[in-house]
Structure formats: C-alpha cells, structure tokens
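Since the structure comes first, as structure tokens, the remarks are kept for the end.
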Amino acid sequence: MFPTLDKKAMERLRRFGEAKTYAAGHPVFRAGEVTPGLIAVLSGKIEVTQRRGHDRAESIVTHGPGQFAGELAQLSARPSLVDADVLEPVDAIVIPTTRLQDLMVQEADLGEQIMRALILRRVRLLEGNIGGPVIIGHPNQTDVLRLQGFLARSGQPHRVLDCDKDPCARALVERFKFDPHHLPIVLCPNGKLLRNPGDRELARCLGLVTPINPEKIYDVAIVGAGPAGLAAAVYAGSEGLSAIVLDCRAFGGQALRHASKITLAFLQASQVLRSWREPTIRHKNSGWKWPFLTKQSG
Ligand SMILES: Cc1cc2nc3c(=O)[nH]c(=O)nc-3n(C[C@H](O)[C@H](O)[C@H](O)COP(=O)(O)OP(=O)(O)OC[C@H]3O[C@@H](n4cnc5c(N)ncnc54)[C@H](O)[C@@H]3O)c2cc1C
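Numbering follows numbering that gives the first Met the number 0, in which position 246 of the sequence shown is assigned residue number 245; successive positions increment by one, without gaps.
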C-alpha cells in the first residue's frame, strides 16, 4: 500500500511531472479540494492525516523519500478525501492527473505498482470510513439509506451519525435549528452543508460529476455504465473512437450493488479508464495490462 520506489524508478517518474519544493508546515493538499496530482517525494517528509471532529487530525501515514502521496482521487482529478502537510522541507515530483494516466500506460510495471497502491489506499479509506461526507439523521430513515446506497455504489467512504444518539450530531441539529424535513443533513469534505440532498446534488458537491464540454463531439455515447457499458467504452476506445459513458445512478451497474470493498475500488479505478485518451487505449502493444480486471475475473 505504501511502496518505496528506488532511485531508478523515481528517475522514470521525472518526465511525467514537475519538480516542486514545499516548505515545512506547508499544506500540500486539503480534503474537499482537487489536488495538484500524485506527489512523489525525493527528500523530506509529508504527513497524511484524516479529520476527526473540527480540530482533531489523526495521522494515517508519513511519506518519505521514494514514496508518493495520493490515492484514487488523484487518478481522476477528484477532490481529496484526506489532508497532507509538510513535516520536513520537501523536494518532490508533482505528476498531474493527465500525466499520471500517461505514466500508467507508458511505464506499465511502475504504473501497475502505483495503481495497486492507489486502489489499496482507497480500500483502506472505505474500510475505515475515513474522509468523505458525514450524513446526520436517523439511521433507518429512507433518505439516509438512499444516500448511503449512493455513496457506497460510488466508492465513497462516509459516516452516518444518529442525530438522536450522537451528542455532536444532536448539538448541530439543535444549534442550527434544522426542521425534521431538512434531515438528513450532509456535511461535505469541502465544508458545504446540504439539507436532504438528492443524489445528483451530493455528487456535484463531492466533485463526482464534472461539467461536460459542450464543444466536444464524441463518436459514441453509451447510456448505462454497468459492465456492458464500460466494456463497450473500452472497446470503442480500442477502435480509436472517442466515447462518453452516462449513467443516471453510479458507475458499475448491478455489479456494484453487492460488491466487496476491493471490487468497489477496482470499479472506481476502471471509471477512470473511460476518460483515458483514445490513442492510449488503442495502442494494444503499449505494454498496458489490466492487472486488477484479470484478477477479479479469475
Ligand atoms: C445480487 C446480484 C449478484 C450477481 N452476481 C453475479 C455474479 O456472481 N457473476 C456474474 O457474472 N453476474 C452476476 N450478477 C449479474 C450481473 O451483475 C449483471 O449481469 C450485470 O451487471 C449486467 O450488466 P449490464 O451492464 O448489462 O447492466 P447493469 O449492471 O444493470 O447496468 C445498467 C446501468 O445502466 C444505468 N441506467 C439504466 N437506465 C438508465 C437511463 N435511462 N439513463 C442512464 N443510465 C441508466 C443503470 O444505473 C446501471 O448503472 C449479479 C447480479 C445481482 C443483482
């Protein structure tokens, strides 16, 4: 989950990113904000933390030389679920999302190692319900279950606080005088507070959906992002066609409803593949493998 790359591997990363230095105490990225990309540490230390309550931060890991900060969010330019700060002055290579996708293809073995770490990190966040939004309401309320289902299908860690039993949740509801019909309320990692949001409103707040460029014309539009839709998108890409995949709920279809956490993370990684540029997917001899797909189907 936290591999240390040797000097040769770090050298291979250089051409995909930009050198950057961070002073001690500098925030590298913040939960709820889109990060600059994957951050490979050449020297110094970066501490990754999760938020507990308003002012309490719990350490998850400290990255030193040869290690890299990031998880699945960095693969698709989605907001981070955790915070990262500089413990000791850092020299780093910052690899933005598009270049990270290039790296996965052009440096297949290194890409596989990084992809594996990114998936396992998301699995750990999911298992520990670390990061992500907090739903405050009655646990058996229909809308709480709906939001939980949506977040689970979207591979998003989250927590539910019972507004009758949890003192913090109760205080929040009382202090801000929420009417019962406002429940559940959702606290997003970017600090926004939503009152009984629909799935789409929540998805937008979490950065799960981004605007579609109206200028871009696709060769194929695929409606439904279950296994069939995702496979169609990959094959469209392999034929050199640009494809857009649309879903009214979440990626993964029925397969995600009863999926394990590792499958969830895998499928979330596969969502990223849909947006990879066509020449990348088309180049069948590029060395790119589908390590996690073949494992899952085995
Ligand atoms: C409990 C359970 C266990 C299963 N176990 C297995 C198993 O072990 N092995 C196996 O091979 N198969 C299993 N299956 C079956 C497998 O999940 C399905 O065969 C597979 O998901 C079908 O894929 P699909 O892409 O055709 O459709 P779906 O998975 O149904 O995906 C369709 C997608 O289209 C979206 N959609 C629908 N209408 C619209 C619209 N109007 N606009 C936008 N989007 C839309 C939906 O939200 C959904 O995401 C299982 C299914 C279930 C329910």
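Cβ coordinates follow ideal geometry from the N, Cα and C atoms, glycine included.
- Boundaries of the beta strand (DSSP E) around Ala242: 242 to 245.
- With 16 or more other Cβ atoms inside 10 Å of its own Cβ, Thr96 counts as buried.
- If you keep only unbroken alpha helix (DSSP H) runs of at least 4 residues inside the region 176 to 207, you get 198 to 204.
- Excluding sequence positions up to five before and after Pro35, its CB lies within less than 6 Å of the CB of Val93, all in the same chain and listed in chain order.
- Under the DSSP assignment, Tyr234 falls outside any beta strand (DSSP E), being part of the alpha helix (DSSP H) whose first and last residues are 226 to 237.
- Taking the C-beta atoms as reference points, Pro2 is found no nearer than 7 Å to Gly31.
- Relative to ligand 1, the beta carbon of Pro226 is positioned inside 6 Å of a heavy atom.
- By the beta-carbon neighbour count (other beta carbons within 10 angstroms, threshold 16), Met114 is buried.
- Of the residues Gly136, Ala56, Pro64, Asp82, the one whose Cα lies closest to the Cα of Ile184 is Gly136.
- Distance check between Gly69 and each of Arg51, Arg50, Ala39 places Ala39 closest, using alpha-carbon atoms only.
- Arg145 has its Cβ no nearer than 6 Å to any heavy atom of ligand 1.
- Under DSSP, the beta-bridge partners assigned to Ser42 are Asp90.
- Between ligand 1 and the CB of Cys187, the shortest heavy atom gap is not smaller than 6 Å.
- C-alpha of Ala23 to C-alpha of Glu10: approximately 24 Å in a straight line.
- Taking 7 Å as the cut-off, the Cβ atoms of Pro188 and Val159 do not count as close.
- For Ile221, no alpha helix (DSSP H) encloses it; the enclosing beta strand (DSSP E) starts and ends at 219 to 222.
- Val222 is a Cβ neighbour of Leu245, given a cutoff of 7 Å.
- Relative to the non-hydrogen atoms of ligand 1, the Cβ of Asp163 never comes closer than 6 Å to any of them.
- Rounded to whole angstroms, the gap between the alpha carbons of Pro132 and Ala249 is 17 Å.
- Between Gln147 and Ile134 the beta-carbon gap is near 7 Å, inside 8 Å, which marks them as a contact.
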